[in-house]
Each structure stands twice: as C-alpha cells, then as structure tokens.
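Participant: Residue 1212 is where the sequence shown starts when you use this note's numbering, and the numbers rise one by one after that. Beta carbons are placed, not taken as given, at the ideal position from N, Cα and C, and that holds for glycine. So that we are looking at the same thing, I have put the structure below in structure tokens.
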Amino acid sequence: MPKNKSLIIFSFLFLFSCTNIGKVSLTEKIGFSGNLGSLSSYKKNTQAVVAQDFKGNSLKITNLANRKSINLQYIEKKPIPESRIIYISDAVVSSLAIEKDLPYVKIESIKKNPTFVANKAKIFKEERKIKKANKVSDVKIISLSGGKNIKKYKHKNLIYLEFGSFYYLKYAKDLRNSLKDFLSNQNIAIKGSPGNYLLIIGPIGNMNKYDLIYSKLKANNFEGYQIKVK
C-alpha cells in the first residue's frame, strides 16, 4: 500500500488526542517517559521537557501503573526524541514511583478545566532530597477514552501497538501486509469483528525493542497507533 494512502487511512487517529469541552482546551497523550538527564540541554529548574506542539503551560502527569499523578509547573517545550512523550527529572520519577524498565505514563495539559479535581502535591526541587519526597495525592480525571478505567499494570507486562479500529477487514489486512515489509520478524495480528477490527503489533518485550519498532514505523510514515501495556 503506498505511503500516502497509509497516511490518509490513519490520519484520523490523531483527532482523538485533543478534545474541546466548551471553551476548555484539554490535550492528552499516552506513552513512555524518558529521563531528563539524557537530553543535551535544559533549564536549571526544569521538571519536565515536552514537544513544542504540546498545548498549555500546566501539565499533569500520571503513572499508569499506580495512578499517582502530579502537577508540573516548571516545564520546557523544545524538540525532543519522539519515542518518548515527555522527559522528566529524577525527582518526578521518584515521586510517581515510575518503573524505569516500563515508564508508561499519561500527560495532560489543562487550561482552566473545572472538571479537574486534584489535591496539592509537592516535589522537592533539590535532587538530594528525592528519597524523602512526600507521597502524592490521587487525582480525579475526566476520561477521554469512553469512561474506561485505567488498569493497574505489573512490572512484567508487555507492550502492544494498536491501529484502528477499522470497519472493513480489508483495510486491516492491507495495513498488515504493508507493515510486514519492514517488520517481518514481529507478530502482527488482526482481532475484532465486522465494523470493529484492530491491528495489533506485539507483544513487545522491552523498551529497546519498542524503540527499534518505533523508529521503523516512523521511517515508513506509519503513526497514529495507541500504545497499550497489558
């Protein structure tokens, strides 16, 4: 299947990342976090770095393994390696108890959102105080995924990349054939029923393998998939 045709089929998937609630703008991304120290440069007091196209100045990050969430005020926007949706400091990693082997997170930018209720959380700015950081209070978030609850993940869970859903099986098969051209050694399955087919890449055993698959998908202009850990 030609690359431009693939882009047309899957470009609609990007529409689900942004939702408008009246005059309230809310953007949500789910993916993996990276370590702030791996970036070449960032400002001294920065808690996190996100891509330049991320909207808003108030950012919420949630560890999807334990539902711990905090509000990050000191964020920086700049070009970043796109295999990660956010790069965070060691203090943030510690406060959210994020697993370095599977840093599965959700980030949200919220502008005057009246439906977001959160308790104040504190992160020590000095990295030397990481071990004594306070526990973070839970937050209540209006779901953008049809009311589905966030599952609690364990360390040994695996990564899956989902394209779809597709109304016709033919589209899912066409995509699978195109992906096999450069992902020949990776399991690619089609699941679902008429009107609701999903194409699933996985299981992916670790972050190194994910990064490799991500780079191949990016190089071949295949984007718009959802990252699942289960």
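Beta carbon of V1260, beta carbon of Y1298: below 8 Å?
Facilitator: It is a contact, given that the beta carbons lie within the stated cut-off.
Participant: Name, in chain order, the residues that DSSP records as bridge partners for I1409.
Facilitator: Ile is not the amino acid found at residue 1409; the sequence shown has Leu there. Paired residue(s): G1375, K1402.
Participant: Can you look up S1280 in the DSSP assignment and give me helix, strand or coil?
Facilitator: strand
Participant: Determine, using beta carbons only, whether L1369 and F1433 come nearer to each other than 8 Å.
Facilitator: no
Participant: In this structure, does DSSP put Y1315 in helix, strand or coil?
Facilitator: strand
Participant: Measure the Cβ-Cβ separation of S1252 and R1295 and say whether it is below 8 Å.
Facilitator: no
Participant: Going along the chain, which residues of its own chain have a beta-carbon closer than 7 Å to the beta-carbon of F1265, five neighbours each way excluded?
Facilitator: T1238, K1288, S1320
Participant: Looking only at DSSP bridge pairs, what is S1244 linked to?
Facilitator: Per DSSP, I1297.
Participant: Starting from the Cα of P1314, find the closest Cα among S1395, I1241, A1383, F1377 and give me that residue.
Facilitator: I1241
Participant: In angstroms with no decimal places, state the Cα-to-Cα distance between L1247 and A1262.
Facilitator: 13 Å
Participant: Let me make sure I understand the geometry here. Which of K1429, S1305, K1441 has the alpha-carbon closest to that of R1292?
Facilitator: The sequence as given places Pro at residue 1292; Arg does not occur at that position. That would be K1429, whose Cα lies nearest to the Cα of P1292.
Participant: I1424 bridges to which residues according to DSSP?
Facilitator: According to DSSP, I1424 bridges with nothing at all.
Participant: Work out the CA separation of V1303 and L1394 for me, nearest whole Å.
Facilitator: Computed Cα separation, rounded: 35 Å.
Participant: If you drop the 5 nearest sequence neighbours on each side, which residues of the same chain put their C-beta closer than 6 Å to that of I1415?
Facilitator: The answer, listed in chain order, is I1370, Y1421.
Participant: Identify the residues that DSSP records as bridge partners of E1287: which are they?
Facilitator: Answer by DSSP bridge pairing, in chain order: V1260.
Participant: If the criterion is Cβ atoms closer than 8 Å, does the pair N1417 and S1376 meet it?
Facilitator: No, the Cβ-Cβ distance between N1417 and S1376 is not below 8 Å.
Participant: Could you tell me the boundaries of the beta strand (DSSP E) in which N1274 lies?
Facilitator: Start and end: 1270-1274.
Participant: Just how far apart, CA to CA, sit I1399 and Y1379?
Facilitator: 17 Å
Participant: When burial is assigned at 16 or more other CB atoms within 10 Å of the CB, is K1271 buried or exposed?
Facilitator: buried
Participant: Out of K1317, A1308, Q1397, E1310, state which residue places its alpha-carbon closest to the alpha-carbon of Y1425.
Facilitator: Q1397
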